[in-house]
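To start, the structure itself, in structure tokens.
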Amino acid sequence: MGHLLNAIECAPPNCIQCLPDNSPDATAAHEHRSHTGQNKHNTQHQPYTMKESTQTALRAAAVLGVAFGLCVTGLIAADAKSNPIKEAMGKYHKAPKGTDPVCKKAGDGLATKEEIKGMLAAYTAMAAAKPPQGDEAKWKKLCADLVSATAALDKGEAGAADKFKAAVNCKACHTDFKPAAKK
Ligand code: HEC
Numbered sequence: 641m642g643h644l645l646n647a648i649e650c651a652p653p654n655c656i657q658c659l660p661d662n663s664p665d666a667t668a669a670h671e672h673r674s675h676t677g678q679n680k681h682n683t684q685h686q687p688y689t690m691k692e693s694t695q696t697a698l699r700a701a702a703v704l705g706v707a708f709g710l711c712v713t714g715l716i717a718a719d720a721k722s723n724p725i726k727e728a729m730g731k732y733h734k735a736p737k738g739t740d741p742v743c744k745k746a747g748d749g750l751a752t753k754e755e756i757k758g759m760l761a762a763y764t765a766m767a768a769a770k771p772p773q774g775d776e777a778k779w780k781k782l783c784a785d786l787v788s789a790t791a792a793l794d795k796g797e798a799g800a801a802d803k804f805k806a807a808v809n810c811k812a813c814h815t816d817f818k819p820a821a822k823k
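Each residue of the sequence shown is one higher than the one before, counting from 641 in this note's numbering.
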């Protein structure tokens, strides 16, 4: 049991969380005992009782499955975090139906201080990221414009909202830098 769990290669440190608190061997031994007793008790109700070895194997598989699932979940979360572009798009350019995304509110001068500060951080991170496609020099320029327009909004500069609206032009940026949707 123990060696099986160790065999999973969980690169991210947070995957330690996948493993049960108490030692896997202790848990297995404990479950084994109680289940054996239960089976004896229930024999007459159960037309078919699994062999103990089968049960142990299934339980091992279940533990491994859960551990593996959590590791994969951790990796996916890490991936979303490590893509500042998608994070900025999802958080500030997208909104539930019927509500305005933060970037729209910002262009109308209606975004809160916190929202503007959040956008500024998100765009700064985005500017440092590599776009999935397109010319990197042009990417840096578009992102720099967006960052400076957002900084102007943050400072409450005159004309900042118009500057921001021009810089946050979805199509101008997506045409070059957003990969076409896969069919
Ligand atoms: C300065 C460049 C830039 C601007 C401006 C921009 N986007 Fe994007 N956007 C991107 C890039 C690059 C991607 C692709 C990211 C990827 O696939 O890794 C993207 C992807 C997206 C996605 C998909 C995100 C995902 O999780 O796959 C949405 C939604 C989106 N943009 C909405 C918008 C909207 C709405 C606007 C305008 C209000 C906008 N974007 C303005 C660069 C930009």
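Every residue gets a Cβ at the ideal spot worked out from N, C-alpha and C, and that includes glycine. Because the structure is a prediction, the values reported are computed rather than measured.
Hey, lysine 803 and alanine 789: beta-carbon distance below 8 Å or not? yes
Run the Cβ filter for me: residues under 6 Å from any heavy atom of ligand 1, listed in the order they occur in the chain. Asn723, Ile725, Lys726, Met729, Gly730, His733, Lys734, Cys743, Pro771, Pro772, Leu782, Cys783, Leu786, Val808, Asn809, Cys810, Cys813, His814, Phe817, Lys818 and Pro819
Could you work out which residue in Ile725, Glu797 and Asp775 is closest to threonine 764 when comparing CA atoms only? Ile725
Assess contact between the region 737-751 and the region 768-785, defined as three or more Cβ pairs (one per stretch) separated by less than 8 Å. Is contact present? Here the region 737-751 does not lie against the region 768-785, with fewer than 3 beta-carbon pairs under 8 Å apart.
Would you report the Cα separation of aspartate 740 and glycine 796, rounded to the nearest angstrom? 21 Å
Going by other Cβ atoms of all chains shown within 10 Å of its Cβ, with 16 needed for buried, is leucine 750 buried or exposed? exposed
List the whole-angstrom C-beta distance separating aspartate 785 from alanine 807, where the pair is believed to meet the contact cut-off of C-beta under 8 Å. 4 Å between Cβ atoms; contact.
Spatially closest choice to glycine 774 from Ala820, Glu727, Asn723 and Lys737, by CA coordinates: Ala820
Could you have a look at alanine 737 and say whether DSSP puts it in helix, strand or coil? Here the sequence assigns lysine to residue 737, which means alanine is not the residue at that position. Residue state, collapsed to three classes: coil.
Give me, in chain order, the residues of the same chain whose beta-carbon lies closer than 6 Å to that of proline 771; leave out the 5 immediate sequence neighbours on both sides. Trp779 and Phe817
Using a C-beta cutoff of 8 Å, does glutamate 755 count as contacting chain C? The chain labelled as chain C is not found in the depicted structure, where only one protein chain is given.
Simplified DSSP assignment, three categories, for serine 674: Residue placement at serine 674 is flagged as unreliable, the pLDDT there being 41, under the threshold of 50; a coordinate-derived value is accordingly withheld.
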